[in-house]
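Chains as they are written, first to last, in numbering that gives the first Met the number 0: chain P, 0 to 341; chain S, 0 to 341.
By construction, the Cβ of each residue, glycine as well, lies at the ideal position given by its N, Cα and C atoms.
Since the model is a prediction, treat every value here as computed from it, not as a measurement.
Protein chains: 2
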Amino acid sequence: MKRTTIKDVAKEAKVSVATVSRALNDPEAVKKDTRDRVLEAVKNLNYDPDPIAQALRSNSVKSIAIIVPNITNAIMAEMTRGAHEKLAEKGYNTVLFNSDDNIQQENHYCEILPNSMVDGAIFVTGSGGTPPVEKIADNLAVCLINREIEVENVDQVTADEKEGLQLLAYHLHRLGHDKIAFITGLDITSATQRKINGYKEFINKTGLDYKENYIISGQWTMNGAYMAMKELLGSKERPTAVIVGTDTMALGALSAVRDSGLKVPEDIAVTGFDNAPGSEYYQPPLTTLKYPNYEMGQLAARAILNRLKDPNVDKKSIKLPLDITVRKSCGYRLGFDSSNNR
Amino acid sequence: MKRTTIKDVAKEAKVSVATVSRALNDPEAVKKDTRDRVLEAVKNLNYDPDPIAQALRSNSVKSIAIIVPNITNAIMAEMTRGAHEKLAEKGYNTVLFNSDDNIQQENHYCEILPNSMVDGAIFVTGSGGTPPVEKIADNLAVCLINREIEVENVDQVTADEKEGLQLLAYHLHRLGHDKIAFITGLDITSATQRKINGYKEFINKTGLDYKENYIISGQWTMNGAYMAMKELLGSKERPTAVIVGTDTMALGALSAVRDSGLKVPEDIAVTGFDNAPGSEYYQPPLTTLKYPNYEMGQLAARAILNRLKDPNVDKKSIKLPLDITVRKSCGYRLGFDSSNNR
DNA sequence: GTGAAAGCGCTAACAT
DNA sequence: ATGTTAGCGCTTTCAC
Numbered sequence: 000m001k002r003t004t005i006k007d008v009a010k011e012a013k014v015s016v017a018t019v020s021r022a023l024n025d026p027e028a029v030k031k032d033t034r035d036r037v038l039e040a041v042k043n044l045n046y047d048p049d050p051i052a053q054a055l056r057s058n059s060v061k062s063i064a065i066i067v068p069n070i071t072n073a074i075m076a077e078m079t080r081g082a083h084e085k086l087a088e089k090g091y092n093t094v095l096f097n098s099d100d101n102i103q104q105e106n107h108y109c110e111i112l113p114n115s116m117v118d119g120a121i122f123v124t125g126s127g128g129t130p131p132v133e134k135i136a137d138n139l140a141v142c143l144i145n146r147e148i149e150v151e152n153v154d155q156v157t158a159d160e161k162e163g164l165q166l167l168a169y170h171l172h173r174l175g176h177d178k179i180a181f182i183t184g185l186d187i188t189s190a191t192q193r194k195i196n197g198y199k200e201f202i203n204k205t206g207l208d209y210k211e212n213y214i215i216s217g218q219w220t221m222n223g224a225y226m227a228m229k230e231l232l233g234s235k236e237r238p239t240a241v242i243v244g245t246d247t248m249a250l251g252a253l254s255a256v257r258d259s260g261l262k263v264p265e266d267i268a269v270t271g272f273d274n275a276p277g278s279e280y281y282q283p284p285l286t287t288l289k290y291p292n293y294e295m296g297q298l299a300a301r302a303i304l305n306r307l308k309d310p311n312v313d314k315k316s317i318k319l320p321l322d323i324t325v326r327k328s329c330g331y332r333l334g335f336d337s338s339n340n341r
Numbered sequence: 000m001k002r003t004t005i006k007d008v009a010k011e012a013k014v015s016v017a018t019v020s021r022a023l024n025d026p027e028a029v030k031k032d033t034r035d036r037v038l039e040a041v042k043n044l045n046y047d048p049d050p051i052a053q054a055l056r057s058n059s060v061k062s063i064a065i066i067v068p069n070i071t072n073a074i075m076a077e078m079t080r081g082a083h084e085k086l087a088e089k090g091y092n093t094v095l096f097n098s099d100d101n102i103q104q105e106n107h108y109c110e111i112l113p114n115s116m117v118d119g120a121i122f123v124t125g126s127g128g129t130p131p132v133e134k135i136a137d138n139l140a141v142c143l144i145n146r147e148i149e150v151e152n153v154d155q156v157t158a159d160e161k162e163g164l165q166l167l168a169y170h171l172h173r174l175g176h177d178k179i180a181f182i183t184g185l186d187i188t189s190a191t192q193r194k195i196n197g198y199k200e201f202i203n204k205t206g207l208d209y210k211e212n213y214i215i216s217g218q219w220t221m222n223g224a225y226m227a228m229k230e231l232l233g234s235k236e237r238p239t240a241v242i243v244g245t246d247t248m249a250l251g252a253l254s255a256v257r258d259s260g261l262k263v264p265e266d267i268a269v270t271g272f273d274n275a276p277g278s279e280y281y282q283p284p285l286t287t288l289k290y291p292n293y294e295m296g297q298l299a300a301r302a303i304l305n306r307l308k309d310p311n312v313d314k315k316s317i318k319l320p321l322d323i324t325v326r327k328s329c330g331y332r333l334g335f336d337s338s339n340n341r
């Protein structure tokens with residue numbers, strides 16, 4: 000079962016291969032008569048140009064790589080989906096790479112990417128530094144999601160975690176909280192750094208109480224947050240509200256509160272950060288930030304597509320705002336009776 | 000900045016391009032002397048064969064498509080990851096396609112896949128029928144995950160949901176439950192059908208009580224399960240235990256129980272089905288089945304790889320067992336005092 | 001053991 | 001407006 004080639008079509012339509020190619024790629028350049036004959040033949044033979052041969056000539060494969068730390072993570076998956084959909088729209092394939100949140104692996108991908116049949120690459124943050132994207136940016140269109148580095152010809156899309164954290168903090172503040180802690184992970188990505196900056200700025204601006212242990216780092220896991228929350232609850236200056244770095248971690252933190260015989264939000268208010276699927280069903284439903292993951296993926300894809308069209312477009316850095324989603328886990332205004340509000 | 004080609008290497012090593020190719024692909028066929036010279040030149044020039052040119056000759060692109068209903072779903076993501084890792088191991092790229100759980104979209108992919116620079120395709124179940132994979136199986140290595148259909152030359156990997164459901168049902172039965180209901184989604188995939196079959200077989204074998212409304216279908220969502228659970232709780236013959244089709248849906252069901260002023264597991268036992276991330280932190284932690292998602296992805300990839308090596312290997316159907324994970328949501332033996340066991 | 005050359009399927013520059 | 005042909009980078013006969 001051999002595939003139909005341009006030659007077969009040429010023979011069938013009694014024209015040269017060049018004419019077939021033209022009829023397909025630049026219809027105006029061929030007389031309506033012949034064109035119709037060619038198109039007819041194409042249809043009859045069910046001809047579809049071989050993308051590999053096209054790629055060999057054009058040096059473009061119409062595929063974009065997306066490198067994520069872990070496709071199993073809901074946020075990464077949403078970004079991937081956003082990118083995929085935008086790319087598919089333009090006839091591009093999405094080639095998936097898992098970095099396992101490992102910088103070696105990312106370095107490795109930078110090595111092989113130029114020979115991996117992709118025209119560009121979207122790098123989604125891992126926690127360990129930044130791979131040498133400058134090296135590949137000459138040959139590939141590159142866009143970074145959620146990293147902040149200074150490189151030429153590399154577009155960037157980031158979420159405004161700094162502002163996001165302050166959205167949460169000020170919300171808690173307005174509710175009457177003045178001892179607000181922040182649980183984060185040990186690995187400080189640039190996104191994490193932005194959260195920390197937001198937190199510190201908030202403390203400075205408000206002049207609120209701040210203890211050494213109010214920023215507390217543990218494993219980036221539910222269990223890590225569980226331990227961190229336990230520590231906070233056991234401390235002398237127990238906070239009245241805690242912002243947890245991710246919703247998944249918040250699940251662990253909520254567990255810790257329960258296991259200590261305390262109640263959220265009555266005894267302590269808790270917020271998450273990234274609106275993980277299911278967080279509206281947590282016990283209690285979690286106040287959190289809505290991340291524009293899907294949009295970030297789309298924007299990254301668009302940036303890539305633009306750079307592919309014109310490699311010299313100015314480097315763009317897009318920072319997207321986060322939206323607060325208020326649910327029961329941070330309760331109501333302190334000092335008011337909220338018993339009827341449940 | 001032009002790429003280094005085989006010609007450059009040939010010139011540098013003072014041999015013909017044929018010899019370079021041989022030195023790389025069939026080292027034994029060339030004298031050690033020349034081989035070393037070639038390899039040296041390859042190293043110096045940092046040469047890497049162009050995969051597109053290789054593809055054009057060999058008619059193989061070393062890429063496999065994976066078509067999932069929704070990469071955002073944790074189960075799909077895990078399968079994807081399993082497949083990706085196995086494929087990467089063998090130097091294959093993973094090209095991602097989202098079907099949006101839409102049969103039209105799947106049909107469309109079947110149309111374009113033969114011209115999409117992939118050597119094979121892994122189809123992960125959508126709920127609406129089966130796409131015409133037979134048509135593409137001649138040119139592409141195909142493996143289906145979680146569908147059961149009779150086709151030639153198409154490998155299959157499925158989870159044993161029938162046995163899985165019975166694992167849960169018998170467990171509840173042993174705990175003393177005799178009114179066991181099953182909440183599922185409206186769209187009946189073959190996987191869902193297997194669950195239903197398992198449920199019916201269980202009822203038949205045990206001769207347990209069965210009411211018309213003990214199999215209840217709603218939306219495949221948390222909210223759908225919420226409604227379904229509400230209905231069960233309001234019914235005259237209220238079940239003492241409920242198996243919910245997915246963990247995510249179970250989250251909605253647990254909510255419904257709480258909102259009715261009842262307690263899990265004291266008033267009603269609840270189980271999930273697919274060990275979604277976080278289900279150990281649900282309130283209460285959810286008894287569920289561990290799905291071998293990652294393994295399924297890996298096995299599908301392996302099947303593809305095998306078929307690529309030898310297109311005539313016998314069609315294989317692999318059915319993987321599910322493991323039960325017991326947590327608090329189904330409580331302890333009825334009639335015993337479990338108050339100290341918490 | 002090595003080189004020359006054909007050819008994979010396509011596009012585009014050059015001829016007519 | 002259409003045909004002829006070179007060439008993209010590689011592998012693989014076929015000669016020597």
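Nearest residue (CA-CA) to residue i, options the options
i, options, result
"Arg237/S", "Glu88/S, Met228/S, Val243/S and Thr245/S", "Met228/S"
"Arg326/S", "Lys318/S, Ser278/S and Lys314/S", "Ser278/S"
"Ala409/S", "Tyr280/P, Ala76/P, His83/P and Asp49/P", "A query on residue 409/S cannot be resolved here, the shown segment of chain S reaching from 0 to 341 and no further."
"Lys1/S", "Lys30/S, Thr33/S, Asp47/S and Ala22/S", "Asp47/S"
"Glu11/S", "Asn45/S, Asn24/S, Asp25/S and Val29/S", "Asn45/S"
"Lys85/S", "Glu84/P, Lys89/P, Leu95/P and Glu294/P", "Leu95/P"
"Thr93/P", "Thr324/P, Arg306/P, Val60/P and Asn292/P", "Val60/P"
"Trp219/S", "Asp208/S, Gln155/S and Thr191/S", "Thr191/S"
Proximity test, Cβ basis, 8 Å: residue i and chain P
i, result
"Leu250/S", "yes"
"Arg80/S", "yes"
"Asn340/S", "Low confidence applies to Asn340/S: its pLDDT is 38, below 50, so where it sits in the model is not reliable, and the reading given next is rough at best. By this cut-off, Asn340/S is not an interface position."
"Lys6/S", "no"
"Asp47/S", "yes"
"Gln282/S", "yes"
"Ser98/S", "no"
"Ile63/S", "no"
"Ser254/S", "yes"
"Ser115/S", "yes"
"Glu133/S", "no"
Whether residue i touches residue j by CB criterion (8 Å)
i, j, result
"Pro130/P", "Asn106/P", "yes"
"Val123/P", "Ser62/P", "no"
"Ala17/P", "Cys142/P", "no"
"Asp246/P", "Thr287/P", "yes"
"Gly296/P", "Ala82/P", "yes"
"Asn69/P", "Asp100/P", "yes"
"Pro264/S", "Pro284/S", "no"
"Gly119/P", "Ile303/P", "yes"
"Leu171/S", "Ala268/S", "yes"
"Ser189/S", "Glu147/S", "yes"
Test: residue i CB closer than 8 Å to a CB of chain S
i, result
"Met295/P", "no"
"Val325/P", "no"
"Ser234/P", "no"
"Pro50/P", "yes"
"Met221/P", "yes"
"Asn311/P", "no"
"Ala76/P", "yes"
"Ile70/P", "yes"
"Asn274/P", "no"
Own chain residues within Cβ distance below 7 Å of residue i, not counting five before or after
i, result
"Phe181/S", "Tyr198, Tyr213, Ile214 and Ile242"
"Tyr290/P", "Ile74, Ala158, Asp273, Asn274 and Leu321"
"Val41/P", "Val8"
Nonlocal neighbours in the same chain, by C-beta distance under 8 Å from residue i, ignoring five residues either side
i, result
"Gly217/S", "Ile182, Gly184, Leu185, Gly223, Ala224, Met226 and Ala227"
"Thr3/P", "Leu44, Asn45, Tyr46 and Asp47"
"Leu38/S", "Ala22"
"Ser337/S", "A caution first: Ser337/S carries a pLDDT of 42, below 50, which makes its placement in the model unreliable, though a value can still be read off. Excluding sequence neighbours, Ser337/S sits near Gly330 and Tyr331."
Residue i beta carbon near the ligand MG (any heavy atom closer than 7 Å)
i, result
"Pro50/S", "No copy of the ligand MG occurs in the structure displayed, which carries no ligand at all."
Same chain, Cβ closer than 6 Å to residue i, neighbours up to 5 away in sequence not counted
i, result
"Lys194/S", "Glu160 and Leu164"
Every unbroken alpha helix (DSSP H) within the segment 48-120 of chain P, with a cutoff of 4 residues, ordered by chain: 50-57, 73-88 and 102-111
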